[in-house]
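Data first, discussion second: the structure below is written as structure tokens.
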Amino acid sequence: MLCYNHLVEEITMKIRWNHRYVQLGVTAFLVIAASILFYYGIFHMKSLITGIKTFFGIMAPIIYGAAIAYLLTPIVNFLERKIIFPIFEKRNKALQKKGRKVVRWICVILSVFLMFLVIYALVMMILPQLIRSIMNIIYSFPHYVSVVENWLNSVVEKGWKLNPDMISQINQYSSRLQEYLTNTILPQMQFMMKNISASFLDLLVFLKNFLIGAIVSLYILADKEGFVAKAKMAVYAVLPTKWATFLVHSMRFTHKTFGGFISGKILDSAIIGVLCYVGTSIIGTPYAILVSVIVGVTNVIPFFGPYLGAVPCFLLILLVDPIQSLYFLIFILILQQFDGNILGPKILGESTGLSSFMVIVAIMVGGGLFGVPGMIVGVPVFAVLNAAVWKLIGRSLDEKDMSADAEFYRDIDCVDPVSGKVLPMPVKKSVSKAQEVTVKAEKNRIWSGAWDEIKRMFTFLVKFIQAKYIGFRLKQKNRRRRRKNRL
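Take a look at the structure:
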């Protein structure tokens with residue numbers, strides 16, 4: 006091992022990295038390598054995308070584990086700092102390094118156990134209610150059919166006669182429906198079964214990756230400070246100190262933005278779910294638990310989440326009790342107004358720093374690229390990018406000795422490129438009342454002349470169309486006369 010280290014040191018000393026030709030050679034190598042990668046990426050895009058998907062498929066358990074560890078970090082910190090450490094402090098017992106490791110593992114296992122307990126509770130609340138609602142719809146379907154049959158029998162008994170055109174339309178639609186079922190639905194049944202089996206296999210793969218990710222999260226949470234320290238060490242080893250410090254501060258800001266938004270949104274959604282259950286239980290809404298869970302879970306998605314959760318719940322209640330569906334719609338509108346105007350701002354505050362327009366853009370872009378997870382993560386990602394862009398803009402303006410306040414640019418016209426002076430907006434000259442009257446009269450004269458011209462053109466167009474129509478009718482009459490004369 007010592008000989009190997011000595012050999013590496015000798016090779017490193019012999020290579021003069023500051024030499025001009027060495028730098029040119031490294032630059033040329035990097036340019037050629039980048040050109041080859043660019044060429045391969047352009048002309049082998051499908052294989053590149055397949056390779057990226059394969060890589061992410063292999064790394065899926067690690068990614069899930071990192072995500073689970075990030076979400077469970079606040080719970081682990083709470084158990085350590087608010088519950089277990091205060092107990093030892095009250096007993097005047099100082100924990101050594103091994104004792105702290107044991108406490109950390111206990112908190113990590115408790116956090117993962119709580120996560121699985123919450124998932125189990127949600128599944129046990131949703132699944133029976135969902136099966137019951139589907140079975141109710143299936144059992145009530147014959148009742149709906151009998152209602153339609155009774156109505157048709159009453160129509161026949163009363164002797165109502167249908168229009169022949171209506172009968173032909175009914176026959177035509179029934180033949181089209183039969184043809185659609187025979188030629189379209191039945192051939193696609195095999196394709197639908199393949200999709201169902203593929204979805205089931207995807208679900209099994211997701212469950213496998215999630216379970217492995219939960220195991221990975223145990224080890225990440227057990228030594229999270231060590232992973233962070235090693236990452237900082239690698240950053241300072243590879244990058245210059247200035248850029249390494251900038252990257253560390255940026256990652257700290259990213260963690261603060263992500264952590265504040267995600268944890269706040271989860272807390273907000275949990276409160277909304279509980280309030281929804283209390284409200285729906287009071288007004289007597291069917292499937293109160295199922296509806297409340299759907300509303301609470303979809304509320305995690307910013308802006309569009311409340312509507313995505315309210316629509317299926319409204320349709321489900323509508324099948325059972327139309328009046329209760331109306332009550333539910335009124336209640337959910339009140340609840341969402343309370344969440345958007347009172348509860349959400351109190352919990353989240355200005356954690357993102359984005360305007361409403363930027364929030365919508367972030368949700369649309371994130372949802373279009375990555376689906377529902379993109380809609381959830383899109384807002385904090387855009388918040389981080391927005392802060393980084395504005396930080397760069399502020400730094401550039403500071404170098405030019407200009408203000409970084411947006412309000413400053415509302416009342417200026419431009420900046421003189423020669424002198425660098427700020428030119429204010431030109432002030433409009435005051436106009437006397439006599440001049441205003443003259444200008445108004447001139448405008449009225451112009452508009453009246455234009456209106457007269459429009460009316461004249463419209464009259465000409467109407468007369469032209471009438472003449473063409475009369476000529477067309479005369480041609481038709483002449484053709485009919487010629488046909489009669491021939492006969």
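My numbering numbers the first residue of the sequence shown as 6 and each following residue consecutively. Glycine included, each C-beta is placed from N, C-alpha and C at the ideal position.
Taking 9 Å as the cut-off, the Cβ atoms of residue 223 and residue 117 count as close. The alpha carbon of residue 234 has as its nearest neighbour, out of 253, 462, 221, the alpha carbon of 253.
Going by beta carbons, residue 385 and residue 262 fall inside the 9 Å limit.
In the three-state scheme derived from DSSP, where H, G and I count as helix and E and B as strand, residue 429 is classed as strand.
Minimum Cα-Cα distance from residue 123 among the listed residues 31, 90, 271, 177 corresponds to 271. As the crow flies, the alpha-carbon of residue 269 is around 45 Å from that of residue 44.
With a contact defined as Cβ atoms closer than 8 Å, residue 84 and residue 112 qualify at about 4 Å. Taking every protein chain shown into account, the CB of residue 361 has fewer than 16 other CB atoms within 10 angstroms, so this residue is exposed. Membership of residue 381 in the alpha helix (DSSP H) is indicated by the continuous run 361-404.
The three-state secondary structure of residue 41, taken from DSSP, is helix. Residue 112 is bridged by DSSP to nothing; it lacks a bridge partner. As DSSP reads the structure, residue 417 sits in a beta bridge with 429. Your pair residue 306 and residue 313 checks out as a contact, with CB atoms roughly 6 Å apart and the cut at 8 Å. The C-alpha of residue 47 lies about 31 Å from the C-alpha of residue 200. Here DSSP, grouped into helix, strand and coil, assigns residue 98 to coil. Counting along the chain, no alpha helix (DSSP H) covers residue 86, and no H or E run does either.
Rounded to whole angstroms, the separation of the alpha carbons of residue 417 and residue 66 is 55 Å.
In this structure, the CA atom of residue 367 is about 36 Å from the CA atom of residue 288. Under the 8 Å Cβ criterion, the stretch 94-103 does not count as touching the stretch 56-65, having fewer than three qualifying pairs. Taking 9 Å as the cut-off, the Cβ atoms of residue 311 and residue 344 count as close. Here the stretch 231-248 does not lie against the stretch 318-333, with fewer than 3 beta-carbon pairs under 8 Å apart. In its chain, beyond the 5 residues on either side, 269 have a beta carbon closer than 6 Å to the beta carbon of residue 353. In the DSSP assignment, residue 260 falls within the alpha helix (DSSP H) that extends over 246-288. The three-state reading of DSSP puts residue 319 in helix, counting H, G and I together. In the structure shown, residue 308 falls within a coil segment according to DSSP collapsed to helix, strand and coil. The beta carbon of residue 90 sits closer than 8 Å to the beta carbons of 100, 108 from its chain, once the five residues preceding and following it are set aside; these are given in chain order. The three-state reading of DSSP puts residue 50 in helix, counting H, G and I together.
Check the Cα spacing between residue 130 and each of 299, 415, 465: the tightest is with 299. When rounded, the separation of the alpha-carbon atoms in residue 453 and residue 372 is 52 Å. The alpha-carbon of residue 119 is positioned some 43 Å away from that of residue 50. Residue environment for residue 322: buried (at least 16 other C-beta atoms within 10 angstroms of its C-beta). In the structure shown, residue 457 adopts helical secondary structure according to DSSP, grouped into three states. If you check the CB distance, residue 73 and residue 210 do not come in under 9 Å. Of the residues assessed, residue 281 falls on the buried side of the cut-off, its CB having 16 or more other CB atoms within 10 angstroms. About 5 Å separates the beta carbons of residue 69 and residue 214, which is inside the 8 Å limit, making them a contact pair. The C-beta distance from residue 308 to residue 381 rounds to 11 Å, too long to meet the 8 Å contact threshold.
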